[in-house]
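2 protein chains.
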Amino acid sequence: MSIPFYGLKEKDLNLIYLSSIESMHCIKVLRHKIGDKIKVLDGMGHIYECEILDDNYNSCTVKIIKSDFIEKNKFNIHIAVAPPKSTDRLDWLVEKIVEMGAYKLTFIKTRRSIRKKVKIERLKKIAISSMKQSFNPYKIIIEDMIAYKDFILGVKEKQCVIPHIVDKKRLFISKALESDVNTCAIIGPEGDFTVDEVNLAVDNNFKTVSLGNRRLRTETAVISTIGAFNFINGF
Amino acid sequence: MSIPFYGLKEKDLNLIYLSSIESMHCIKVLRHKIGDKIKVLDGMGHIYECEILDDNYNSCTVKIIKSDFIEKNKFNIHIAVAPPKSTDRLDWLVEKIVEMGAYKLTFIKTRRSIRKKVKIERLKKIAISSMKQSFNPYKIIIEDMIAYKDFILGVKEKQCVIPHIVDKKRLFISKALESDVNTCAIIGPEGDFTVDEVNLAVDNNFKTVSLGNRRLRTETAVISTIGAFNFINGF
């Protein structure tokens, strides 16, 4: 159950040059030596079994000895979320979204959002770490903060849902979600969406859904929604 | 969306005496005064609307002016889990289990468990805080660490599942779980169960299930399992 590394295969060569961070972790922290076998993910579906050729801790070179390819899920879930105020909860949210296998993550700025900015590069690092930890062969796409309205008007997915607690006219998510279709779910901040925000989403093809009768924190609502999508699609 | 307090109604009286911790929070932190309205949960299904009679910050007294009762879900999920090593992850796990609405939580000691003890009183406080935050009207039962074998041999629920990644003979959880039946799910430590542990569970009426093709951390596996139970039962 060793954790794989992340790296890209060189074009026309059977080699991977690990980045300085990955090399440091491989050689200094885990004390791998020339000849040791490691696994490397490229975030594009490949799982490589590799042998270390050069154990330089700044740029470790490995040779690919076996290559597996995992097909993408046929249908994806894209999560748009108002990031929680707490940095710990935000980090954790990104980790879990990757673990649960979402395809894309976009941060949105809503009326009641407290956090107006995210450190996107930092979160991308957390996402890669979680990708390796969970052996998820696909790297998530993370998009920087966008205004709520712009997001709603530009959404591409065929099935869109907005879990919220603004009013009572909501279908329970297990009744609302259809399988076998690309899905976007938009999750509000602490304090939820405003009525106007929910109405704008409904006018733009979003189904309003309920995740049950408890008040979920933002990060719990996200996990619960991806879980429902996975459940219904068998992922 | 104010967060309720936790307290028990006095027998034959329409009063609640808040504990010193709750009183301190109500009067000192949130600066409530005599005559202010607050909500109080008793963890047994009641949601009380109350008026503050005495704003003593060590023992605040409130009068019940309205009482709602929320019926229990007809079917429950009991989670038995090998606690994660990291205290942060353990705290977070308890918070999320309560948010997702599980009925009971038992800690188990497995072959590959790193953490052999939990501070049960501390976790009970986190559970109450999460109960209030998520407006869950029922207090979770938390049981102290028990050996894996003893737990398996004593389990009471009719439907038992063991998500794991030991071998390939597992049904995806959406195919394995039946609705409308009390359920127990047992979740292994980082490094998973041993083959012997899985076999013992199977011999004792546990179905082996898969949560998808990613390696989930302990806390993610727990949330994913409760999510599946809620999904199938419409909770």
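Protein sequence lines, in the order shown, are assigned to chains W and R. No gaps in the numbering here: position 110 of the first sequence is 96 in this note's numbering, and each next residue is one more. No gaps in the numbering here: position 86 of the second sequence is 72 in this note's numbering, and each next residue is one more. Ideal Cβ positions, reconstructed from N, Cα and C, are used throughout, including at glycine. Please read all numbers here as calculations on a predicted model, not as lab measurements.
VAL15 of chain W sits exposed, since fewer than 16 C-beta atoms from the chains shown fall within 10 Å of its C-beta.
Within the same chain, Cβ atoms closer than 6 angstroms to the Cβ of PHE192 of chain R are found at CYS146 and ILE148, the five residues on either side in sequence being excluded.
Look at ALA214 of chain R: its C-beta is under 7 angstroms from a C-beta on chain W. Note on geometry: alpha-carbon atoms of GLU164 of chain R and ILE218 of chain R lie some 8 angstroms from one another. Excluding five sequence positions before and after ILE2 of chain R, the CB atoms of its chain that fall closer than 6 angstroms to its own CB belong to GLY(-7), LYS(-5), VAL26 and VAL48, given in chain order. TYR134 of chain W has its alpha-carbon roughly 10 angstroms from the corresponding atom of SER99 of chain W. Using a Cβ-Cβ cut-off of 9 angstroms, GLU183 of chain W is close to nothing in chain R; its nearest Cβ partner there is about 15 angstroms away. Nearest CB-CB separation between LEU202 of chain R and chain W: below the 7 angstroms threshold.
Per DSSP, the continuous beta strand (DSSP E) segment holding PHE93 of chain R begins and ends at 90 to 95. CA-CA distance, ASP130 of chain R to VAL208 of chain R, rounds to 17 angstroms.
Per DSSP, the continuous beta strand (DSSP E) segment holding PHE55 of chain R begins and ends at 47 to 55. Note that the C-beta distance between PRO(-10) of chain W and LYS103 of chain W is not below 7 angstroms.
For ASN190 of chain W, the closest C-alpha among the options W:SER210, W:GLY177 and W:LYS144 is that of W:LYS144. According to DSSP, residue pairing for GLU37 of chain R in a beta bridge involves R:LYS23 and R:LYS49.
Between VAL184 of chain W and VAL152 of chain W, the C-beta spacing is below 7 angstroms. Considered as a whole, the region 154 to 188 of chain W harbours 169 to 173 as its complete beta strand (DSSP E) runs of no fewer than 3 residues, in chain order. In the three-state reduction of the DSSP assignment, ILE(-11) of chain W falls in the coil class. In this structure the region 32 to 45 of chain R lies against the region 4 to 14 of chain R, because at least three pairs of beta carbons, one per stretch, are closer than 8 angstroms. Counting C-beta atoms within 10 angstroms of its own C-beta, MET30 of chain W has fewer than 16 neighbours from the protein chains shown and is therefore classed as exposed. Taken in chain order, the unbroken stretches of alpha helix (DSSP H) that lie wholly in the region 107 to 140 of chain W and span 4 residues or more are 134 to 140. Between THR169 of chain R and ILE24 of chain R, the gap from beta carbon to beta carbon reaches 7 angstroms or more. By the neighbour-count definition (other C-beta atoms within 10 Å, threshold 16), GLY21 of chain R is an exposed residue. For chain R, the residues of the region 137 to 169 of chain W that bring a beta carbon within less than 8 angstroms of one of its beta carbons are PHE158, ILE159, SER160 and LYS161, in chain order. When DSSP states are grouped into helix, strand and coil, HIS64 of chain R belongs to the strand group. In the DSSP assignment, the residues bridged to MET30 of chain R are R:TYR124.
Against chain R, the CB of ILE24 of chain W has no partner CB under 7 angstroms away; the residue lies outside that interface. DSSP places VAL147 of chain R within a strand segment (E or B) once states are collapsed to three. LYS82 of chain R: not part of any beta strand (DSSP E); member of the alpha helix (DSSP H) spanning 73 to 85, first to last residue.
The way I'd put it, the region 172 to 184 of chain W doesn't touch the region 84 to 91 of chain R; fewer than three beta-carbon pairs between them come closer than 8 angstroms.
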